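Accompanying notes for the structure given below.
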Amino acid sequence: MLNHDILVVGGGLTGLRAAVGLCDRYNVGLVSKVYPVRSHSIAAQGGINAALTNNPDSRDDSWEKHTFDTIKGSDYLGDQNAIEIMCKEAIKIVYEMEHWGCPFSRFSDGTIAQRPFGGAGYPRTCYSADVTGHSLLNTLYERAVAKGVKIYPEWFVAALCIEDGQCHGIIAQDTHTGELIPVRSKCTFFGTGGYGRVYKHSTNALINTGSGIGMAYKAGVPLKDMEFVQFHPTTLVGTNILMTEGCRGEGGYLFNNQGERFMKRYAPSAMELAPRDIVARSIQTEINQGRGFEHPLGTYIQLDLRHLGENKIIERLPGIRSICIDFIGIDPVREPIPIMPSQHYSMGGIDVNERTASEIKGFYAGGECACVSVHGANRLGGNSLLETIVFGKLASIAIQEDLEKDNLKPNEKPLKMLKDAVLKKIERLTQPGGEKPYIISAELGAVMDEKVGIFRTHDEMSQALEKVIELKNRYKNVSVSSAIHYMNYELQSAIELEYMLDVAHAITLGAILRKESRGAHYRLEFTKRNDNDWLKHTIARMGDDGDPVLSYKDVVITRYQPMERKY
Amino acid sequence: MIRSSYFTFKILRYDAKNPSREPYFQSYHIKVLPGLTVLGVINRIRDEIDGSLAFRCSCRSAICGSCAMVINGKIDLACRTQVATFGSDTIILEPLPNFEVIRDLVVDMTPFWDMYEKIQPFLIRKSPDPEKEIYQSEEDRRKIDQFVNCILCACCYGACPVIADEPGYLGPAAAAKLERFVLDSRDERPAEALEQVNTPKGVWACDTVFRCIDACPKDVRPTDAIIGLRKALVKNRYNRILGLNKK
Ligand SMILES: Cc1cc2nc3c(=O)[nH]c(=O)nc-3n(C[C@H](O)[C@H](O)[C@H](O)COP(=O)(O)OP(=O)(O)OC[C@H]3O[C@@H](n4cnc5c(N)ncnc54)[C@H](O)[C@@H]3O)c2cc1C
């Protein structure tokens with residue numbers, strides 16, 4: 002048994018920032034199923050929001066305006082106290098990342114460059130070309146190396162240990178040896194990222210299964226607002242690799258097959274820079290009504306950058322250009338990019354407060370796996386990178402406060418029992434003869450895409466629910482091809498599949514019950530937001546039978562009363 | 247209409263925990279759309295045919311650096327290599343050279359990370375932090391551009407002929423990382439910080455045959471870094487002799 006004061010799961014921006022904030026005072030261990038720099042944060046492109054007022058067009062921007070844009074963008078489901086904290090902290094953490102070496106792009110006066118992003122009143126998205134996640138994650142990893150954070154790379158967490166309302170630690174598997182290692186800790190922090198791969202078409206890394214969310218849920222931590230799934234408007238047809246909102250921020254246009262900039266019909270003043278939920282629905286409507294272009298890999302809309310000119314594309318969007326050349330053989334300097342919407346971000350997640358604390362003693366979560374909630378029903382571009390670093394930092398402060406206050410004594414016994422349970426599970430999964438796990442994950446992805454997507458109906462979602470329940474039953478009989486425990490990636494995926502099914506179940510049930518349209522959750526039968534009945538968070542707990550049991554919780558409103566959302 | 251066709255993937259298999267079994271090629275026949283990437287195919291092989299196949303992957307969009315390997319003799323990322331580019335229906339996959347193989351296409355990256363950590367891969371400052379950002383001109387920012395783009399995939403390390411002969415050599419990626427900081431107008435590392443690469447196994451070991459540049463999937467030129475570091479070391483030496491080094 003391994004012991005740490007604090008155990009951080011996740012080597013993305015959230016986990017690293019939390020560990021960096023705690024490692025000077027405590028014995029911290031950081032576990033990640035991939036080397037930290039392979040985490041999904043690396044892929045973020047467009048930028049991180051903070052009201053620095055560097056852009057000549059943003060001189061009278063402020064953190065308050067950032068707060069308002071975020072609340073409005075969230076379709077008023079975000080908790081306003083938490084959003085205020087995040088937008089105020091934004092300025093500090095962007096400077097801090099810069100001081101730690103983050104190579105932000107610059108304006109000619111030497112300040113951090115900022116570009117316009119969707120749903121924002123001012124250009125406040127700080128960026129490092131179009132590889133902002135790469136620059137931030139490398140910087141934080143460098144910081145972790147400088148501080149000597151103890152990292153366990155390629156350790157896969159298989160289960161979270163909670164008993165008697167307290168978290169005792171986790172069960173990890175060292176991928177290299179296959180050994181199961183219980184890790185006991187006073188405080189456990191999850192920065193395990195989103196669940197994009199519950200959907201078949203997603204911009205997310207292949208490792209984004211949402212297993213952290215699922216294992217917290219299974220261990221008894223409630224989930225919040227799971228039905229709110231962001232679909233990004235512009236992803237490359239076929240592979241669904243993201244074409245950052247920065248493409249539109251830099252001035253890119255969207256065209257249908259009539260050669261029309263159709264956004265004028267949906268968001269006449271914001272046009273291409275309306276928030277994501279609105280642009281994604283507009284694109285999907287164009288496609289559904291026959292105004293898309295046909296391609297063997299799917300119907301698409303054009304994202305046209307050509308008028309920006311070669312220099313601007315090379316300077317500001319070099320990563321986008323090379324992705325287009327490598328993955329679809331198109332140079333955006335010369336041709337429009339074929340794009341379609343696809344799953345992109347998990348607004349919902351582990352229910353935590355603005356200190357990243359859950360209702361379980363000693364268990365905390367932040368970043369994309371968590372739901373504070375700062376994004377409400379729709380996240381604004383550039384606010385997620387912000388959330389990871391802000392709440393990684395705030396977690397380190399909250400955990401320290403709690404450790405100073407409470408003398409938490411995690412127990413070995415429940416960890417030992419959980420280890421046996423995981424071992425039993427592995428033994429079952431490695432029995433030959435069952436169904437292959439990928440068949441189940443493929444069917445899951447397909448049904449979530451088709452029936453719990455951008456446009457939702459009761460009937461389709463009920464079919465999806467039935468399917469998820471069927472897949473959960475079939476899961477009891479899956480088996481992997483090899484019985485060895487080390488370097489067995491199929492086995493790890495099979496363990497994660499159980500959690501993915503639970504996550505999908507919570508998303509689907511939450512979506513069926515929410516009879517309104519708000520942000521990314523759009524119901525064809527209830528196309529309006531309904532604040533009287535639904536201005537509230539969905540809370541999902543796993544019942545004894547493994548099915549979600551839903552309840553609701555108030556939204557925190559401080560200064561901004563809900564208004565109609567127009568762009 | 248794009249039509250799918252059969253490909254043969256020959257993959258070098260080995261398990262360091264079972265060393266009595268020599269490395270061997272295993273063939274998989276699989277029907278794929280030509281638009282698919284090598285990573286797309288090996289994921290399908292693992293899912294549908296042989297779950298025991300070991301390889302790393304994460305982002306599938308050429309930014310996380312997980313899936314470097316040898317593809318038909320050329321080092322590259324599996325995720326950005328289209329199966330159709332070879333004009334052949336046989337594709338041979340081998341693990342990255344210059345590393346110990348753990349299993350199949352997974353290599354032990356420890357020596358790579360050790361070198362990375364050794365060069366102090368972080369911004370070093372002596373001045374107190376300003377309240378806002380540390381100013382940097384666009385021109386200064388441009389100087390570090392190519393080195394910032396390094397994704398630590400180790401393609402260069404695998405391609406480097408010097409590492410093959412001289413284990414313990416610094417290697418191209420660590421040199422590029424060091425140069426990224428040396429060239430950063432905000433970095434204030436003392437001149438002596440470069441001394442650790444001023445050794446026969448440091449920057450002087452490079453044969454400047456540019457294999458690293460050919461292998462880099464992100465257009466980083468590690469040789470530029472090595473030449474830059476050598477120049478800085480020579481300059482430091484003269485400054486030292488002349489008593490000009492900044493304290
Ligand atoms: C393509 C793309 C572009 C984006 N661009 C932007 C942008 O421009 N601006 C913006 O604000 N946001 C952007 N986002 C969103 C943003 O990048 C993510 O929300 C954010 O990086 C998530 O960070 P994280 O720290 O929460 O999780 P991640 O970076 O996903 O890290 C999760 C970590 O948890 C570990 N982990 C997970 N499960 C386990 C397990 N079972 N055992 C052990 N370890 C585990 C993983 O190894 C990993 O280290 C983008 C997202 C995508 C998909």
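As given, the protein sequences belong to chains A and D, one line each in that order.
Every position in the first sequence, counted from 1, becomes a number in the working numbering once 1 is added.
Every position in the second sequence, counted from 1, becomes a number in the working numbering once 246 is added.
We put the beta carbon where it would ideally sit given N, CA and C, even for glycine.
Fair warning: this is a prediction, and the values are worked out from it, not measured in the lab.
Sequence-distant residues of the same chain with beta carbon closer than 6 Å to residue i, five excluded per side
i: M247 of chain D; result: For M247 of chain D, the predicted structure reports a pLDDT of 49, less than 50, and the residue's modelled location is therefore unreliable. A value from the coordinates is still provided. No residues qualify anywhere along the chain.
i: V10 of chain A; result: V32, V158, F191, T193
i: G131 of chain A; result: Before going on, a small fix: residue 131 of chain A reads as Asp here, not Gly. Contacts found: Q46, T245, G247, L318, G320, I321.
i: G448 of chain D; result: L416
i: S304 of chain D; result: C310, S312
Check: residue i C-beta below 7 Å from any heavy atom of ligand 1
i: N209 of chain A; result: yes
i: H41 of chain A; result: yes
i: N56 of chain A; result: no
i: H345 of chain A; result: yes
i: G120 of chain A; result: no
i: A268 of chain A; result: no
i: I49 of chain A; result: yes
i: L243 of chain A; result: yes
i: V353 of chain D; result: no
i: V150 of chain A; result: no
i: F190 of chain A; result: no
i: K34 of chain A; result: yes
Supposed close pair residue i, residue j - CB separation, criterion 8 Å
i: G215 of chain A; j: Y500 of chain A; result: 2 Å
i: Y575 of chain A; j: F108 of chain A; result: Within the shown structure, residues of chain A are numbered from 2 to 568, placing residue 575 of chain A beyond reach of any answer.
i: L342 of chain D; j: L258 of chain D; result: At roughly 11 Å, the Cβ-Cβ gap does not stay under 8 Å, so L342 of chain D and L258 of chain D are not in contact.
i: T539 of chain A; j: Y523 of chain A; result: With 8 Å as the limit, T539 of chain A and Y523 of chain A do not qualify as a contact, their Cβ atoms being about 16 Å apart.
i: S383 of chain D; j: E434 of chain D; result: Not confirmed; about 17 Å, so no contact.
i: I72 of chain A; j: Q81 of chain A; result: 6 Å
i: F255 of chain D; j: I321 of chain D; result: Not confirmed; about 17 Å, so no contact.
i: F118 of chain A; j: G382 of chain A; result: 4 Å
i: V469 of chain A; j: L502 of chain A; result: 6 Å
Any non-hydrogen atom of ligand 3 within 7 Å of residue i CB
i: C370 of chain A; result: This structure lacks ligand 3; the ligands present are ligand 1.
Beta-carbon contacts of residue i that lie in its chain and below 7 Å, excluding the five residues immediately before and after
i: A495 of chain A; result: L430, P438, V479, V481
i: I1 of chain A; result: Nothing can be reported for residue 1 of chain A, as the shown portion of chain A is limited to 2 through 568.
i: K493 of chain D; result: Model confidence at K493 of chain D stands at a pLDDT of 45, short of 50, so the residue's coordinates are unreliable; what they give is reported in the following sentence. Once the five neighbours on either side are set aside, K493 of chain D has no close Cβ partner at all.
i: H376 of chain A; result: S75, G79, M348, N384
i: C458 of chain D; result: C402, A405, C406, P418, P468, T469
Own chain, CB closer than 8 Å to residue i, minus 5 neighbours either side, in chain order
i: E164 of chain A; result: N412, P415
i: N489 of chain A; result: G179, V481, S483
i: M361 of chain D; result: L416, G417, A419, A420
i: G474 of chain D; result: E425, V428, L429
i: E287 of chain A; result: N257, F263, G293, I302
i: R26 of chain A; result: Q401
i: H506 of chain A; result: L466, V469, I470, K473, D548, P549
i: E526 of chain A; result: T458, H459, K516
Check your understanding: Do the segment 462-482 of chain A and the segment 529-541 of chain A meet, that is, are 3 or more Cβ pairs less than 8 Å apart?
Key -> no
Exercise for review: With a floor of 4 residues, list each alpha helix (DSSP H) that falls wholly inside the segment 376-438 of chain A, ordered by position along the chain.
Suggested key: 384-406, 414-430
Review point. Enumerated in chain order, which unbroken segments of the beta strand (DSSP E) with a length of 3 residues or greater are wholly contained in the segment 249-295 of chain A?
Key: 254-256
Check your understanding: Which ranges does the beta strand (DSSP E) cover as unbroken runs of at least 3 residues, wholly within the segment 312-385 of chain A, from first to last along the chain?
Key -> 338-347, 350-352, 364-366
Review point. For the segment 133-144 of chain A against the segment 95-108 of chain A, are there 3 or more C-beta pairs whose distance is under 8 Å?
Key: yes
**Study point:** Segments of 4+ residues assigned as alpha helix (DSSP H) that fall wholly inside the segment 427-499 of chain A
**Key:** 438-452, 459-476
**Study point:** Contact list for the segment 374-385 of chain D against chain E, Cβ threshold 7 Å
**Key:** Here the protein chains are A and D, and chain E is not one of them.
Practice item. Spell out a yes or no on whether the segment 552-565 of chain A and the segment 231-248 of chain A are touching, meaning 3 or more CB-CB pairs, one atom from each, closer than 8 Å. Key: no
Practice item. Could you tell me whether the segment 261-276 of chain A touches the segment 199-211 of chain A, where touching means 3 or more Cβ pairs closer than 8 Å? Key: no
Practice item. Count the C-beta pairs between the segment 48-58 of chain A and the segment 77-97 of chain A that are closer than 8 Å, then say yes if the count reaches three, no if not. Key: yes
Review point. Are there three or more Cβ pairs, one per stretch, closer than 8 Å when the segment 27-44 of chain A is compared with the segment 54-62 of chain A?
Key: no
Practice item. Could you pull out every unbroken beta strand (DSSP E) segment of at least 3 residues lying fully inside the segment 323-362 of chain D, listed in chain order? Key: 336-340, 347-349
Check your understanding: Which full runs of the alpha helix (DSSP H) of 4+ residues lie inside the segment 402-451 of chain D, going along the chain?
Key -> 407-411, 418-428
Check your understanding: Looking at C-beta atoms only, is the number of pairs between the segment 274-281 of chain D and the segment 311-319 of chain D that lie closer than 8 Å three or more?
Key -> no
Check your understanding: With a cut-off of 8 Å, do at least 3 Cβ pairs link the segment 288-304 of chain D to the segment 283-293 of chain A?
Key -> no
Review point. Looking at C-beta atoms only, is the number of pairs between the segment 13-25 of chain A and the segment 382-400 of chain A that lie closer than 8 Å three or more?
Key: yes
**Study point:** Those runs of the beta strand (DSSP E) which lie wholly inside the segment 176-205 of chain A and span at least 3 residues
**Key:** 181-191
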